[in-house]
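Each number in the working numbering corresponds to the 1-based position in the sequence shown with 34 added. We put the CB at the ideal spot given by N, CA and C, even for glycine. Worksheet for the structure shown next.
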Amino acid sequence: MIVGVMGTALISPLYALYKELWQLKPSDISLLYVIYMGGALAGLLFLGRLPDRTSFLRVMQAGLLLILLGTVMCLLANNLWWLGSGRFLVGIASTLLTTSATKGLALLAPAGSAQRVAMLTGFLMALGFGLGPLTGGIIGQWLPQPLVSAYLPTLVLGLCGWLALRTLALPATAQAAMAPLQAHDFLPQLTLPTPENRSAFWLTTCLPFMAFAVFGLYAAMSPLFLDKLVPWHGPVVSGSAIALILFVSAIVQVLVGRLPTYRTGTAGLLMLALSNALLMVNLWAGSALLFVAGVLAAAIGHAMCMLAGMSLVPRLSELRTRSGLFSTYLLVGYIGSMLPMLGIGAIADHWGMRAAVTSFCIMVIAICALGAPLFWRHRRIRQASQAGTTQAA
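Listed below in structure tokens is the structure:
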């Protein structure tokens, strides 16, 4: 899983190199990121139930093969659309790997360790996603031919991982009985909330929408505007910033896991608003200190929003509709990572990156400032938070 998700995020610090090499516009860079997220969304909607219908090991093997194929396409790419096609395959593979690895860890874990498995899964995903941009940034900064050499670790480790999975023998306890695959298993399973939970659910979806959007700004566009924020330049700077967000986010989720959910979600929205206020000011100040503070605030806000959202969805759903409601919840998050990036790219093409980033920051601050008090005061969200706190105690 670590190898697979590392390969999905490795390209982020290299976007500026592609922009310079192919004379791309900011909207082209944002489109590349949206294509990748579109692949991940397609995997979620159409292939998300595969680990429940067939061996998780086979799905992991398929995901690694798809990672290898997509990475080779990116390595050999000589134009935007060839690179985008490779990124789309990598996006699908990232969904296959995360869903199958989550299923596998749950099956292999001892009985009664569900909470530890969930924490371990989140940590491993954050580790893999964080190592990707960090590795890509280091290679892009200092190694020759970075648009070739940056992909080699994924190819070597991915092939080793696939060969290791081929020889792995699962214990009988991890070989769950599977129903045969049917056509409807490949259809999207989206569910709407019940009337009494409707307003609480849609307010909760603001959390992944904003968290995905803010992280998407750093993952997709930061290589294009970091020169306005800090005196340091190059892929390693943007790669380190992306990795820092993911690593800090994983740690914060562990530290605040026992807080009431309505407090966690409210604090997360406020931290995202703060991070974007600092970013907007720093577009003119150019302070390294403000940059670090903004990245840390974004990481904390991302962690709290993701934790609160994932905790609330099960409490706002019935068992029979939970899976579909999770898919709807994640769909909103993916939209949050796609639509704002397209908007930033379009604005940057016409009025420059400073205007684009400023517009994005104003949008985030406005939505978070409006959403935070609504989330804090919502009666149904408070009830669900208290129910979860009681169960944890």
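Leaving out the 5 sequence neighbours to the left and right, which residues in its chain are closer than 6 Å to residue i when beta-carbon positions are compared?
| i | result |
| --- | --- |
| alanine 74 | Gly125, Ser128 and Thr129 |
| leucine 102 | Gly192 |
| aspartate 219 | Arg83 and Arg87 |
| cysteine 240 | Gly405 |
| glutamine 420 | none |
| phenylalanine 157 | Ala284 |
| glycine 166 | Met40, Ala43 and Leu44 |
Residues in the same chain with beta-carbon distance under 7 Å from residue i, minus the five sequence neighbours each way, listed in chain order, please.
| i | result |
| --- | --- |
| isoleucine 381 | Ala389, Ala390 and Ser393 |
| glycine 386 | none |
| threonine 424 | Confidence at threonine 424 is low in this model, with a pLDDT of 47, below 50, so the placement of that residue is unreliable and no value is reported for it. |
| valine 366 | Thr239, Pro242 and Phe243 |
| glycine 119 | Strictly speaking, residue 119 in this sequence is serine, with glycine absent from that position. Cβ neighbours of serine 119 beyond the five flanking positions: Met107. |
| proline 197 | Residue identity check: residue 197 is leucine in the sequence provided, not proline. Counting only Cβ-Cβ distances below 7 Å, and skipping sequence neighbours, we find nothing. |
| valine 68 | Met372, Met375 and Leu376 |
| proline 348 | Arg356 |
| alanine 331 | Met305, Leu308, Ser309 and Leu312 |
| arginine 416 | Tyr296 |
| tryptophan 410 | Tyr296 and Thr300 |
| leucine 293 | none |
| alanine 111 | Leu117 and Gly120 |
| leucine 100 | Leu123, Ile126, Ala127 and Leu130 |
Kindly give me the distance between the Cβ atoms of residue i and residue j, rounded to whole angstroms, as I take these residues to be in contact under 8 Å.
| i | j | result |
| --- | --- | --- |
| leucine 44 | alanine 184 | 6 Å |
| threonine 132 | methionine 35 | 7 Å |
| alanine 277 | leucine 117 | At roughly 22 Å, the Cβ-Cβ gap does not stay under 8 Å, so alanine 277 and leucine 117 are not in contact. |
| alanine 335 | serine 371 | Residue identity check: residue 335 is glycine in the sequence provided, not alanine. Between serine 371 and glycine 335 the Cβ distance is about 15 Å, and since that is not below 8 Å, they are no contact. |
| alanine 333 | threonine 298 | Not quite, the Cβ-Cβ distance comes to about 14 Å (not below 8 Å), so this is no contact. |
| glycine 379 | serine 61 | 3 Å |
Just tell me which of the options has its CA closest to the CA of residue i.
| i | options | result |
| --- | --- | --- |
| serine 321 | Ser61, Met35, Val182 and Trp266 | Trp266 |
| alanine 403 | Trp56, Trp115, Ala307 and Trp410 | Ala307 |
| isoleucine 399 | Val248, Pro85, His384 and Leu317 | Val248 |
| leucine 289 | Gly358, Ala337 and Leu304 | Ala337 |
| cysteine 395 | Pro348, Ala342 and Leu312 | Leu312 |
| valine 271 | Val326, Glu230 and Phe281 | Val326 |
| leucine 373 | Ile415, Leu341, Met397 and Phe360 | Met397 |
| serine 256 | Leu293, Gly328 and Thr355 | Gly328 |
| threonine 105 | Leu323, Thr188 and Ala319 | Thr188 |
| lysine 53 | Phe259, Trp410, Glu352 and Arg413 | Phe259 |
| glycine 195 | Tyr368, Arg92 and Ala275 | Arg92 |
| methionine 159 | Leu359, Thr42 and Phe246 | Thr42 |
| tryptophan 176 | Trp56, Asp261, Tyr252 and Leu48 | Leu48 |
| alanine 319 | Ile401, Ile279, Leu293 and Asp261 | Asp261 |
| alanine 76 | Ile369, Gly166 and Asp383 | Ile369 |
| proline 180 | Leu55, Met94, Tyr252 and Gln95 | Leu55 |
| leucine 346 | Arg121, Leu100, Phe157 and His412 | His412 |
| tyrosine 252 | Trp236, Ile279 and Pro229 | Ile279 |
Compute the distance between the beta-carbons of residue i and residue j, then report whether it is under 9 Å.
| i | j | result |
| --- | --- | --- |
| alanine 234 | proline 242 | no |
| leucine 161 | alanine 284 | yes |
| glycine 171 | glycine 268 | yes |
| tryptophan 58 | leucine 114 | One detail in the question is off: residue 58 reads as leucine in this sequence, not tryptophan. Contact flag set, yes. |
| serine 64 | methionine 375 | yes |
| threonine 300 | proline 407 | yes |
| alanine 254 | leucine 66 | yes |
| phenylalanine 90 | alanine 135 | yes |
| alanine 418 | threonine 225 | no |
| proline 85 | glycine 138 | yes |
| leucine 204 | phenylalanine 80 | no |
| glycine 377 | serine 46 | no |
| phenylalanine 281 | glycine 174 | no |
| leucine 317 | leucine 263 | yes |
| alanine 245 | cysteine 339 | yes |
| methionine 71 | glycine 358 | no |
| glutamine 223 | serine 361 | yes |
| valine 315 | leucine 323 | no |
| leucine 199 | glutamine 287 | no |
In chain order, what residues of the same chain lie with their CB nearer than 8 Å to the CB of residue i, ignoring the 5 residues before and after it?
| i | result |
| --- | --- |
| valine 182 | Leu109 |
| threonine 201 | none |
| asparagine 231 | Leu350, Ser351 and Arg414 |
| valine 190 | none |
Return yes when at least one heavy atom of the ligand FMN lies under 8 Å from the C-beta of residue i, else no.
| i | result |
| --- | --- |
| histidine 412 | For the structure depicted, the ligand FMN is absent and the ligand set is empty, with no information on it obtainable. |
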